[in-house]
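Encoded as structure tokens, the structure appears first; notes follow it.
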Amino acid sequence: MATIQEIITKLNQTTEESQKMDFIQQLVAAIKNQEQLWVAFCPATKHYFLAQEHQQITAYLFSEESYYENFTSEMRKKHIILEKLENPMKQRMFLFAELYRCGVTQIAIDSEEEPVLIPLQMVISIPDYTKLPLVQRPVLNPAVTGKILCLMQDVRFNRASGNTELDVLQEIYHSAFLQPFRSATQDKPEEDGIYQFPEGQKLFMLFTDLYSLKQFDPKGYPQVKTARFADMQNMLKNHPDVMAIIINPGSGAPMLLDLQLLEVAEKSASGILDTSVRNMNENAGKVVITKPELTPVSMIDAICSVLKESELVSRAYLRNIRREEEIRPHYLVILDWNGAVSKEEKAQIHRKIAEAAMPYARGLDIEYLAYDSAVGKEWTGNAEPIYELKSESEHSEKTEKATEKEKPKKKGFLFFGKK
């Protein structure tokens with residue numbers, strides 16, 4: 057049998073459509089039977105590296121290790137760090153099945169400048185459940201799984217856009233998910249699966265398929281039921297003590313949904329979304345500044361611990377900043393510098409705050425602003441400072457009062473943190 061590269065060379069040299077199809081079929085056979093292939097893997101999401109090629113979610117395979125090295129070298133120039141995953145022939149069909157589960161619709165083989173793209177359905181039989189009644193169809197969700205993975209991958213690499221997020225939310229609106237639960241007993245009522253943070257915050261767990269659920273293995277919730285969009289809304293509306301829904305918590309790319317995002321999903325799917333969403337990197341649109349909807353006590357404590365180590369900041373404020381072109385807000389830390397502070401000292405404080413606060417930021421980015429800037433005073437509004445150099449002892453008391461006044465509202469965050 058000819059090698060993959062020999063077949064690709066012949067394929068690129070022919071112009072006859074019938075011959076091209078013959079070479080593609082030979083290429084498919086070679087891909088199935090080559091002793092070893094290499095697959096591009098994304099450590100940031102703990103999944104295969106995915107990208108859009110001609111509107112199709114694409115995975116990248118390589119017949120030789122050198123082709124993989126060339127590909128990852130080009131990706132590194134774009135600040136995308138990948139790892140190679142070896143795939144022996146005995147695991148080839150499992151690889152194709154897993155790519156299908158992850159939403160992949162085509163594979164790119166030995167891709168550098170012009171990859172050869174092959175529909176996944178040419179190398180694996182895609183199951184068709186459309187003839188089954190809706191209630192009998194298994195919950196697989198490759199489309200929503202793939203779109204979530206692509207979005208979370210883009211988030212990790214700072215390449216996400218509002219349009220990508222809307223696309224995912226629309227897919228979620230039309231999808232069914234698996235929800236683990238504990239059936240009722242004589243002593244206890246039925247209980248839905250809950251993911252609980254060490255600090256006490258609670259999230260409902262949903263999974264795109266049975267494999268994702270088994271990866272997480274939620275102990276104590278041995279049964280599953282189907283949850284659709286209306287169920288997701290009711291889960292959050294009827295349980296004010298639960299902050300949000302987490303999709304696929306056992307994966308490297310979980311996604312958080314609160315009531316605000318469910319509302320965006322519903323409006324977008326219904327065609328009545330009244331905001332224009334542009335690329336996140338564009339410098340356009342109005343800016344909305346608000347107080348954090350949920351007082352992040354642990355995050356405030358972490359920020360204050362950093363500021364107490366120096367006397368460079370006299371006061372600090374914490375706000376939410378949201379630009380018109382963005383779906384999710386960022387945290388905004390406004391610092392009132394204590395006298396003349398060098399640019400290097402400011403950068404060091406920013407870095408220390410980020411290191412201390414990001415574990416409690418629930419995936420939101422943190423931005424910084426000087427109080428004496430053009431909009432610094434305006435953007436603090438009538439907010440109380442979270443830190444004051446001359447009255448540090450008051451911080452604990454103020455935080456407790458703020459926590460008592462503000463009941464948690466399910467707004468203002470979308471993802472777990474970036475790597």
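Note that the sequence shown covers residues 57 to 475 in my numbering.
Even glycine gets a Cβ: it sits at the ideal position worked out from N, Cα and C.
(request) Could you tell me if R212 is buried or exposed, where buried requires 16 or more neighbouring beta carbons within 10 angstroms of its beta carbon? (result) buried
(message) Considering only DSSP beta bridges, list what A107 is partnered with.
(response) T114
(request) Assign A396 to one of two classes, buried (16 or more other C-beta atoms within 10 Å of its C-beta) or exposed (fewer than that). (result) exposed
(message) Quick check for students: name the residue ranges of the alpha helix (DSSP H) that lie wholly in the stretch 122-199, counting only runs of 4 or more.
(response) 148-157
(message) Along the chain, where does the beta strand (DSSP E) containing T282 start, and where does it finish?
(response) Q279 to A283
(message) On the CB-based measure, 16 or more other CB atoms within 10 Å of its CB, does M149 come out buried or exposed?
(response) exposed
(request) Please specify which runs of the alpha helix (DSSP H), each continuous and at least 4 residues long, are wholly inside the stretch 213-274, giving them in chain order. (result) 218-229 and 266-272
(request) Kindly give me the distance between the Cβ atoms of L262 and M299, rounded to whole angstroms, as I take these residues to be in contact under 8 Å. (result) The Cβ separation is near 14 Å, so there is no contact.
(request) Just the C-alpha distance for A426 and I442, rounded to the nearest angstrom, thanks. (result) 15 Å
(request) Could you tell me if the beta carbon of G276 falls within a distance shorter than 7 Å of some heavy atom in the ligand ATP? (result) As far as ligands go, the structure on display features none, and thus does not contain the ligand ATP.
(request) Going by DSSP, name the residue or residues bridged to W94. (result) F118 and E142
(message) Using a 10 Å radius around the Cβ and a threshold of 16 neighbouring Cβ atoms, would you call R132 buried or exposed?
(response) exposed
(message) Looking at chain B, is there any beta carbon in it that lies within less than 8 Å of the beta carbon of L374?
(response) The structure shown contains no chain B; it holds only a single protein chain.
(request) Would you kindly check if the distance between the Cβ of A413 and the Cβ of I359 is under 8 Å? (result) yes
(request) Report all residues from its chain with a CB closer than 8 Å to the CB of I182; omit the five preceding and five following residues, and keep chain order. (result) Y156 and L176
(message) Taking the alpha carbon of Q271 as the reference point, which residue from S239, P245, H110 and H103 has its own alpha carbon closest?
(response) H103
(request) Give the range of the alpha helix (DSSP H) segment to which L476 is assigned. (result) Any question about residue 476 goes unanswered here, given that the chain covers just 57 to 475.
(message) Comparing C-alpha positions only, which one of L312, M291 and L420 sits nearest to P352?
(response) L420
(message) DSSP has Y407 in a bridge; who is on the other side?
(response) The identity of residue 407 in the sequence shown is Arg, whereas the question assumes Tyr. Answer is none; R407 lacks a bridge partner.
(request) Could you work out which residue in R238, Q235, L205 and N214 is closest to D502 when comparing CA atoms only? (result) Since the displayed the chain opens at 57 and closes at 475, residue 502 lies outside it and no answer follows.
(request) Would you mind reading off the limits of the beta strand (DSSP E) that contains E423? (result) I422 to A426
(request) If I'm right that Y373 touches A439 with Cβ under 8 Å, what's the distance once you round it to whole angstroms? (result) 5 Å
(request) Round the Cβ separation of G202 and G249 to the nearest angstrom and send it over; I've been treating them as touching at under 8 Å. (result) Contact doesn't hold; Cβ gap of about 23 Å is too wide.
(request) Just the C-alpha distance for E120 and L93, rounded to the nearest angstrom, thanks. (result) 7 Å
(request) Assuming D265 and L196 form a contact by the criterion Cβ under 8 Å, report the distance between their Cβ atoms to the nearest whole angstrom. (result) 5 Å
(message) Closest to H110 by C-alpha separation, out of A325, T161 and F97, would be which residue?
(response) T161
(request) Give the single residue among S398, F79, I165 and Y123 whose Cα lies nearest to the Cα of L368. (result) S398
(message) Restricting to runs no shorter than 3 residues, where is the beta strand (DSSP E) found entirely within the stretch 293-324?
(response) 298-303 and 311-313
(request) Starting from the C-beta of L83, find all residues in its chain whose C-beta is less than 8 Å away, skip the five residues before and the five after it, and write them out in chain order. (result) I60, I63, I64, L67, I165, V172 and I174
(request) Could you name the residues of the same chain whose beta carbon sits closer than 8 Å to that of D273, not counting the 5 residues immediately before and after it, in chain order? (result) G306
(message) Using only the alpha-carbon positions, how far apart do L388 and E401 sit?
(response) 19 Å
(request) Indicate the three-state DSSP secondary structure (helix, strand or coil) for V431 in the structure shown. (result) coil
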